[in-house]
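A short worksheet on the structure shown next.
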C-alpha cells in the first residue's frame with residue numbers, strides 16, 4: 010500500500026457521522042490551505058460603559074421599570090419576550106402540510122454583574138460561581154413547569170447582541186425545539202437498539218478507533 014495515500018482525517022476529505030442528529034457531515038480539511046482574501050472584521054474599539062445602559066444596576070429600562078441596585082446576579086422577565094405564558098391555541102387542521110401547535114413559555118434576562126465594563130473572563134471565581142449557581146436555580150425552577158429550558162448568550166454586535174452589559178437569555182418552552190427534539194430522538198433510538206446510551210462509550214471505555222481528531 011502507498012503510505013502517502015493512507016487516510017488521514019486531518020488531511021483528507023470524508024463524511025463523518027453525527028450520532029446526536031443522525032446525519033452525515035462533509036469534512037474537507039484541505040480547504041484550510043486556501044488563502045483568505047475576503048473581508049476581515051477589525052477588532053472592536055474599546056468603548057467606555059454607557060452611563061444610561063438599561064441593564065446596569067439602578068437603571069430604568071425601556072418599559073419604565075427600574076432595576077434594583079443589585080450587587081451580584083439579577084434575573085428579570087424579558088421586556089419583549091418571544092414566548093408568553095398564555096396564548097390562544099391554533100385551530101385543528103386536517104391538511105398534512107398545514108399544521109400548527111400551541112407554544113407557551115417564558116423568557117428571562119440574567120445579568121451577571123452590575124458593572125457594564127466586565128465580562129465572565131474578567132470576573133472573579135466567586136462571581137462566576139454565583140452565575141453558575143443561578144443558572145442551576147433557573148433551570149431547576151423552570152424545568153418543573155416547562156419541557157425545555159435553554160440558557161444562551163449572544164455576544165458582540167455581529168451576533169445581534171444589542172447591549173454590551175454582561176448578561177444572557179433564559180428561554181423556557183412547552184415544546185422541544187428542533188435541535189433538542191432530534192437529539193433526544195437519536196439518543197433514545199440508540200439506547201433502544203443497543204441497551205445503553207451512546208455516550209457511555211466515552212465514559213466507560215476508550216473512544217479509538219472510532220474517534221477522529
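Residue numbers (our numbering): 10 to 222. C-beta atoms are modelled at their ideal positions from N, C-alpha and C, and glycine is treated no differently.
| Asked | Found |
| --- | --- |
| Residue span of the alpha helix (DSSP H) that contains residue 189, given as start and end | 187 to 203 |
| Run of the beta strand (DSSP E) containing residue 115, from where it starts to where it stops | 114 to 120 |
| The region 92 to 102 / the region 66 to 79 touching (three or more Cβ pairs under 8 Å) | no |
| At least three beta-carbon pairs within less than 8 Å, the region 15 to 22 to the region 38 to 54 | yes |
| Nearest-angstrom Cα separation, counted from residue 153 out to residue 113 | 14 Å |
| Pair within 7 Å by beta-carbon distance, residue 83 and residue 116 | no |
| Pair within 7 Å by beta-carbon distance, residue 163 and residue 118 | no |
| Neighbourhood of residue 10 by C-beta distance below 6 Å, restricted to the same chain and skipping five residues each side | Its pLDDT being 47, under 50, residue 10 is placed unreliably in this model, and the value from its coordinates should be taken loosely. No residues qualify anywhere along the chain. |
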